[in-house]
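Taken in order, these protein sequences are the chains called A and B.
The first sequence runs 40 to 328 under this note's numbering.
The second sequence runs 38 to 121 under this note's numbering.
Okay, structure first, notes after.
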Amino acid sequence: MAEKIDYATLKRGGFMRQKQKNRFSLRLHSVGGAFSSDDIRNIGDIADRYGNGTVHFTARQGVEIPFVKLEDVENIRADLARVGLRPGVCGPRVRTVTACQGSTVCPSANIDTQDIARKIDERYYGMELPHKFKFGVTGCHNNCLKAEENDVGIKGSCRVKWKEDPCISCGICVTACREHAIEMTDDGKIAVDYAACTSCGRCQRACPTDGWETHPAYTLTFGGQFGSTLIKGQECIPPIDDEETLFRVTDAAVGYFKDHANKGERMGKMLARIGRDEFEETIKEAYRG
Amino acid sequence: MADFNVADKVDITDVVCPVTFVKTKIALEELDEGQILQVHLAEGEPLQNVPRSCKEEGHRVLKLENNGDGTFEMYVAKGPDDEA
């Protein structure tokens, strides 16, 4: 008789069972939707060789090769490895890290999202946890990457401080600010209400004279999910100014989830069950260092 | 009115992005370095983007005046040509 197939192990290795008998959709490891043109050509070749000549771009910027047969699993792994690709993961672990193009390409971005996504991927990808765990990195408050739908969302922010010398008192920043946090005084000086400022950076981006000192920052949200239940991730600390603090905080969030979540329970559901207070205290402690 | 020696004027309130900046850029190309262009532009998207784009292309925004009717006057001095 045929051997019993361990679907869970296949799924962990990125092979997702299809509705068709003995057909699997192979998920590839990816970060922030970034592939070289060689990668894309190689994926096409492998889809021709082992699949049905189609490739699926997933909802989270990944790539899957559908219609792969079980007996080809080892060969396709070897062929992928030869061209520097590897299968991805599914199931209860840290999933594909998503990211927008970020500051190396996009004029709006406050942070290098691709670099942060790669670092998160190196640190956490595939880590075993009570349930799936998603990171998403978006470069600015336009939020193309939808940070709040992730268990941990990272959004590029920009702290600003007005510089008197280059300012020509044009008032563009006043109109650019969506929070109405900027006022121009009668003598043409700029006053910022930092309690209302969300550090989105629109003021400095619209400025025609470089009239702002700027510092990139990371705004984090926790406990989001966007599946059958929709929960919006929430902030609990100010924007983070440096990478060291960023990873201290993400370590704390992942660690807390690992220690407190039930099996099959997402972070948002966990927080709804046990409350946010202790979690937020843990995050604040990590933020303070 | 600002006290500038304006070399040319351009009205970009009748076009939308990206033509707003294209019109401005073409008008600036006709000028010599340091000459001043007056741009009549609308608030909203053109105001957020055209002055910034001028700065990014190496021109110097000298002043912006609010006309109080949803339009602005921008005075921009042409920067050095980057073509050799």
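For each residue, glycine too, the CB sits at the ideal point set by N, CA and C.
query                                                                                                                                 : result
Buried or exposed (CB count within 10 angstroms, at least 16 for buried), G314 of chain A                                             : exposed
Close Cβ partners of H254 of chain A (< 6 Å) along its chain, the five nearest in sequence each way excluded                          : R198
CB of L74 of chain B within 8 Å of CB of V53 of chain B, strictly                                                                     : no
Which of helix, strand or coil DSSP assigns to P278 of chain A                                                                        : coil
Neighbour flag for H88 of chain B against chain A, beta carbons, 8 Å                                                                  : The question names His, but residue 88 of chain B in the sequence shown is Pro. Yes, P88 of chain B lies at the interface with chain A (some Cβ there is under 8 Å from its Cβ).
Members of the stretch 244-257 of chain A that neighbour chain B once the beta carbon cut-off is set at 8 Å                           : R244, A245, C246, P247, T248, D249
Supposed close pair R134 of chain A, F172 of chain A - CB separation, criterion 8 Å                                                   : 7 Å
Endpoints, the beta strand (DSSP E) within which N103 of chain B is located                                                           : 97-103
Local conformation of I313 of chain A per DSSP, three classes                                                                         : helix
Inter-stretch contact (C-beta, 8 Å, three-pair minimum) for the stretch 203-213 of chain A and the stretch 169-187 of chain A         : no
Every unbroken beta strand (DSSP E) within the stretch 87-170 of chain A, with a cutoff of 3 residues, ordered by chain               : 102-107
Residues within the stretch 100-121 of chain B neighbouring chain A, beta-carbon criterion of under 7 Å                               : K100, L101, N103
Residue of A:Y295, A:W251, A:Y164 minimising C-alpha distance to K228 of chain A                                                      : A:W251
For G130 of chain A, the nearest candidate out of A:T289, A:D78, A:R312, A:K302 (CA to CA)                                            : A:K302
C-alpha distance - C212 of chain A paired with L99 of chain B, whole-angstrom precision                                               : 15 Å
Per-residue burial, I44 of chain A [other beta carbons within 10 Å of its own, 16 or more giving buried]                              : exposed
Alpha carbon of G81 of chain B to alpha carbon of A245 of chain A, nearest angstrom                                                   : 11 Å
R51 of chain A, DSSP secondary structure in three states                                                                              : helix
For M40 of chain A, the three-state DSSP class (helix, strand or coil)                                                                : Annotation note: pLDDT 47 at M40 of chain A (below 50); position unreliable, coordinate value reported separately. Three-state result, M40 of chain A: coil.
Enclosing alpha helix (DSSP H) for Q85 of chain B [first to last residue]                                                             : 82-93
Start-to-end residues for the beta strand (DSSP E) that takes in C197 of chain A                                                      : 191-201
Residues of the stretch 184-218 of chain A whose Cβ lies closer than 9 Å to any Cβ of chain B, in chain order                         : I207, S208, C209, G210, I211, T214, A215
Chain-order list of residues whose beta-carbon lies under 6 Å from that of L101 of chain B (same chain, five-residue window excluded) : F109, M111
In DSSP terms, what L259 of chain A is bridged to                                                                                     : A:I193
Opening and closing residue of the beta strand (DSSP E) in which K46 of chain B lies                                                  : 43-48
Candidates A:G262, A:D226, A:T248, A:W201, of which the one nearest D232 of chain A by Cα                                             : A:W201
Beta-carbon proximity check, G307 of chain A vs G263 of chain A, cutoff 8 Å                                                           : yes
Straight-line gap, E324 of chain A to T284 of chain A (C-alpha atoms, nearest Å)                                                      : 11 Å
Residues that I221 of chain A bridges to, as DSSP identifies them                                                                     : A:V231
Pick from B:A79, B:A44, B:G71, B:D69 that is closest to G105 of chain B, judged by C-alpha positions                                  : B:A79
For T214 of chain A, the nearest candidate out of B:G95, B:G116, B:P83 (CA to CA)                                                     : B:P83
Backbone CA spacing between E167 of chain A and R132 of chain A [nearest angstrom]                                                    : 4 Å
Candidates A:A156, A:R121, A:A311: closest to I289 of chain A by CA position                                                          : Going by the sequence as given, residue 289 of chain A is Thr instead of Ile. For T289 of chain A, the nearest C-alpha among the options comes from A:A156.
Whether C239 of chain A touches C179 of chain A by CB criterion (8 Å)                                                                 : yes
With 16 other Cβ atoms within 10 Å as the buried cut-off, status of D118 of chain B                                                   : exposed
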